[in-house]
Amino acid sequence: KIYEMSFASAAAIRKSLQKPSTILLDVRTGMEVWMSGKIEVEGHKWYQSSVVSLLNTSEWDKDADIIVYCASGARSANAKYTLEGMGFKNVLNGGAYSDMKSMGF
């Protein structure tokens, strides 16, 4: 199935991050995270996972906001689609790690 690759605005991400329960989900590889760093926002949980491993999210609150990002935005779009298919209601595609950093995150 084809999924839409659209990215959340900086305003939408900032609004989501006002909620302490918002989860930051990085779907880059461990090597990519090691080489370039991660998005860290005080008070928010950060997870690194491959899209395939998203099944491990079954214990997460389906109503919690999740901001997902990767290296280019493609894997995060796939992860958003997958999470929504699993019943998560508030998933934002933050797009590329570099874009998130340039927005000040």
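165 is the number of the first residue of the sequence shown in my numbering; add one for each residue after it. Every residue, glycine too, gets a C-beta built ideally from N, C-alpha and C.
Beta carbon of residue i nearer than 9 Å to that of residue j
i    : j    : result
L256 : I203 : no
V191 : Q212 : yes
S180 : N254 : yes
V205 : F252 : no
Own chain residues within Cβ distance below 8 Å of residue i, not counting five before or after
i    : result
S185 : D225, A228 and D229
G207 : P184
Straight-line gap, residue i to residue j (C-alpha atoms, nearest Å)
i    : j    : result
C234 : G259 : 6 Å
S266 : K183 : 21 Å
G264 : S236 : Inspection of the sequence shows that residue 264 is occupied by Met rather than by Gly. Their backbone Cα atoms lie some 11 Å apart in a straight line.
E196 : S173 : 23 Å
W198 : W210 : 14 Å
T193 : M250 : 22 Å
F171 : Y261 : 12 Å
Member of the options whose CA lies at the smallest distance from the CA of residue i
i    : options                   : result
S222 : V205, K179, N242 and T246 : T246
Spatial neighbours of residue i in its chain, beta-carbon cut-off 6 Å, leaving aside the 5 residues before and after
i    : result
A238 : none
L189 : Y211, I230 and V232
Contact set for residue i: own chain, Cβ-Cβ below 7 Å, skip 5 residues either direction
i    : result
K244 : V232, V255 and N257
M169 : G237, A238 and A241
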